[in-house]
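Sequences listed follow chains A and B, in order. Under my numbering, the letters of the first sequence match residues 1 to 118, in that order. Under my numbering, the letters of the second sequence match residues 1001 to 1117, in that order. Just so you know, even glycine gets a beta-carbon here, dropped at the ideal spot from N, CA and C. Structure first, commentary second.
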Amino acid sequence: GAVVSQHPSWVICKSGTSVKIECRSLDFQATTMFWYRQFPKQSLMLMATSNEGSKATYEQGVEKDKFLINHASLTLSTLTVTSAHPEDSSFYICSARDPDLPNTGELFFGEGSRLTVL
Amino acid sequence: ILNVEQSPQSLHVQEGDSTNFTCSFPSSNFYALHWYRWETAKSPEALFVMTLNGDEKKKGRISATLNTKEGYSYLYIKGSQPEDSATYLCAAQGDSYSGAGSYQLTFGKGTKLSVIP
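Right under this line is the structure:
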């Protein structure tokens, strides 16, 4: 199946710094990638849809200036948490659909990134 | 689609036991129901994607059913093995176009299964 790789798997940073998380599709081209966030004991919540070559689409309540998304190529999307604060500490995970499997609709996920802001 | 519920939240079963858990979702604006298995420190992996009322799908010892009219899906595991230990997520996919060609998925909180050897 299609493979999505996410890096880093965990990161600890100081409050006020910015953190970048990368999501790569390794064996397929993804024009669209999805960024989710999961707080403890909660469900995966879609934050934004990353679109190659154009602006990301953010879900209601997600600050676009806080969570910068760049999808500059068909295999790479990045999420930058700017001026991170402790309340941004969470598990962030990306996913994409394989365009060669359009009818299944299944998502292929990265491994996720656990962010801890001190 | 809002409010996808999964039950139970967690369960422990003995190796060899069969088990099942439930995913409920609003039946309006429904397009598809996804099941994923999420092992610790790994990526969630798709088990099934079902769209039609009455759908039944099977992969080895794992099977799933779908009732779109009443808004629920069951996941069954026959003869549980320790390697089945994982969190099982369901997600309902709505039929409302949500930008960028994607039909948005709403996830439940998952059912954490532990199979005791």
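Against chain B, a Cβ distance below 7 Å from E106 of chain A picks out H1034, A1046 and V1049. Residue nearest to L1105 of chain B within the set A:A56, A:S43, A:G53 and A:G112 is A:S43 (criterion: CA-CA distance). Distance between H1034 of chain B and T78 of chain A, taken at the CA atoms: about 26 Å. In the DSSP secondary-structure assignment, K1059 of chain B is bridged to B:I1062. The Cβ atoms of L115 of chain A and V81 of chain A sit closer than 8 Å to each other. The closest CA to that of Y36 of chain A, considering only A:G1, A:A72 and A:E111, is found on A:E111.
No Cβ-Cβ contact shorter than 8 Å links T1019 of chain B with S1063 of chain B. Contact annotation for K1109 of chain B against chain A: K41, Q42 and S43 [CB-CB distance below 8 Å, chain order]. Counting the other Cβ atoms within 10 Å of the Cβ of E106 of chain A gives 16 or more, which makes it buried.
At a cut-off of 8 Å, the C-beta of K1042 of chain B has a neighbouring C-beta in chain A. Approximately 6 Å separates the beta-carbon atoms of N51 of chain A and T32 of chain A; this is inside 8 Å, confirming the contact. The beta carbon of F28 of chain A does not come within 8 Å of any beta carbon belonging to chain B, so the residue lies off that interface. Proximity of Q1081 of chain B to chain A, defined by a Cβ-Cβ separation below 8 Å, is not satisfied. Cβ-Cβ distances below 6 Å link F1025 of chain B to V1004, G1071 and A1092 in the same chain, with the five nearest sequence neighbours on each side left out; the list follows chain order. Listed in chain order, the non-local C-beta contacts of A1032 of chain B below 6 Å within the same chain comprise V1049, T1051 and Q1093, local neighbours out to five positions each way being set aside. The beta carbon of L46 of chain A falls within 8 Å of a beta carbon belonging to chain B, placing the residue at that interface.
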